[in-house]
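Asks: Quick note: to get the working numbering, add 12 to the position in the sequence shown (first position is 1).
Heads up, the beta-carbon is just placed ideally off N, CA and C, and yes, glycines get one too.
Just dropping this structure here.
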Amino acid sequence: MTAPADAAPATPHQPGRLVVISGPGGVGKGTVVAELARRRCDLEVSVSATTRPPRPGEHDGVDYHFLDNADFQARSAAGAFLEWAEFNGRCYGTLRQPVEAACARGRTVILEIEIQGARQVRQRRPDAVLVFVAPPSRDDLLARLRHRGDDPDSVARRLDLAEAELAHAEEFDHAIVNDDLARCVDELEHILDTVDAAD
């Protein structure tokens, strides 16, 4: 059966946007992204893969895709990652296929990743929008890192890395300070709305 002559042709989905949320460890990226996802039904949050063991309360496929080292390296060699990085002896990465599939469906996809990974995304997807989330102060970041329950050596390493990463905020399209969750997410929503309006 053929469509009526005056029927409008089917239009393909406009490709979705890829938005990277990055910043120092402990700055609250996960909390910001979770609140953004709660407010907006027009986006999908990518689930990263990692070789680190789950923390209490984390679930495979929800918080992370938990992979062993051999599986992670095999996928990396096969080009399965959009980006990946190693930190503190553990690998973290974004699986390419789910992101590309969601974008093809016209969805906005949020990646919550480290700065090294954000740079890789910039190289592979120049159209991605990169947002840097900064702490209000060094003392605030230190308190957040300690609150996470990491061991003192890990906290010290993360703090040193954070100070180096803060110097690279200008590489991002936008920067926001996470000193108040609601205001921070408001700013992020404004960025998304502005980017969408520019298309």
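Please state whether DSSP places P205 in a helix, a strand or coil.
Replies: Counted from its first residue, the sequence shown places residue 205 at position 193. First, the amino acid is wrong: residue 205 is Asp here, not Pro. Reduced to three states, the DSSP call for D205 is helix.
Asks: Between the alpha carbons of D72 and G101, how many angstroms are there, rounded?
Replies: Counting from one through the sequence shown, the residue named residue 72 turns up at place 60. Counting from one through the sequence shown, the residue named residue 101 turns up at place 89. Roughly 20 Å separates the two Cα atoms.
Asks: Please report the distance separating the alpha-carbon of D205 from that of T120.
Replies: As a working note, residue 205 is residue 193 in the sequence shown. As a working note, residue 120 is residue 108 in the sequence shown. Looking at the two C-alpha atoms, the distance is approximately 11 Å.
Asks: With a cut-off of 8 Å, do at least 3 Cβ pairs link the stretch 192-206 to the stretch 158-171?
Replies: In short, these stretches do not touch, since the Cβ pair count stays below three.
Asks: Can you tell me whether DSSP reads V74 as helix, strand or coil?
Replies: Counted from its first residue, the sequence shown places residue 74 at position 62. DSSP places V74 in coil when its eight states are reduced to three.
Asks: When you compare the stretch 58-66 with the stretch 166-183, are there three or more beta-carbon pairs, one atom per stretch, that lie closer than 8 Å?
Replies: At 8 Å Cβ cutoff, the stretches do not touch.
Asks: Give the straight-line distance between the Cα atoms of F99 and I125, rounded to the nearest whole angstrom.
Replies: Working through the sequence shown from its first residue, we reach residue 99 at position 87. Working through the sequence shown from its first residue, we reach residue 125 at position 113. Their backbone Cα atoms lie some 12 Å apart in a straight line.
Asks: State the start and end residues of the unbroken alpha helix (DSSP H) segment that holds L153.
Replies: For the purposes of this step, residue 153 is taken as the residue at position 141 of the sequence shown. Here the alpha helix (DSSP H) through L153 covers 150-159.
Asks: Write down the C-beta distance between V197 and P148 rounded to the nearest angstrom, noting that I regard them as a contact closer than 8 Å.
Replies: Residue mapping note: residue 197 aligns to position 185 of the sequence shown, counting from 1. Residue mapping note: residue 148 aligns to position 136 of the sequence shown, counting from 1. 15 Å between Cβ atoms; not a contact.
Asks: Distance check for A92 and Q109, CA to CA, integer angstroms please.
Replies: Stepping through the sequence shown from its first residue, residue 109 is reached at position 97. Stepping through the sequence shown from its first residue, residue 92 is reached at position 80. In a straight line, the C-alpha of Q109 is about 7 Å away from that of A92.
Asks: Measuring straight from C-alpha to C-alpha, what distance separates P27 and A130?
Replies: Here the question's residue 27 lines up with position 15 in the sequence shown. Here the question's residue 130 lines up with position 118 in the sequence shown. Between P27 and A130, the C-alpha separation is close to 20 Å.
Asks: Buried or exposed: C115, going by 16 or more other Cβ atoms within 10 Å of its Cβ?
Replies: Position 103 of the sequence shown holds residue 115. Classification for C115: buried.
Asks: Tell whether a beta-carbon distance below 8 Å holds between T293 and S58.
Replies: Only positions 13 to 211 of the chain appear in this structure, which leaves residue 293 out of reach.
Asks: Following the continuous alpha helix (DSSP H) through E98, name the residue where it begins and the one where it ends.
Replies: As a position in the sequence shown, residue 98 is number 86, starting the count at 1. Element bounds for E98: not the alpha helix (DSSP H) but the beta strand (DSSP E), 93-99.
Asks: Please report the residue range of the alpha helix (DSSP H) in which L178 lies.
Replies: Taking the first residue of the sequence shown as position 1, residue 178 is located at position 166. Per DSSP, L178 belongs to the alpha helix (DSSP H) from 164-178.
Asks: Does H186 pass the burial test, meaning 16 or more other C-beta atoms within 10 Å, or should it be called exposed?
Replies: Position 174 of the sequence shown, counted from the first residue, corresponds to residue 186. It counts as buried.
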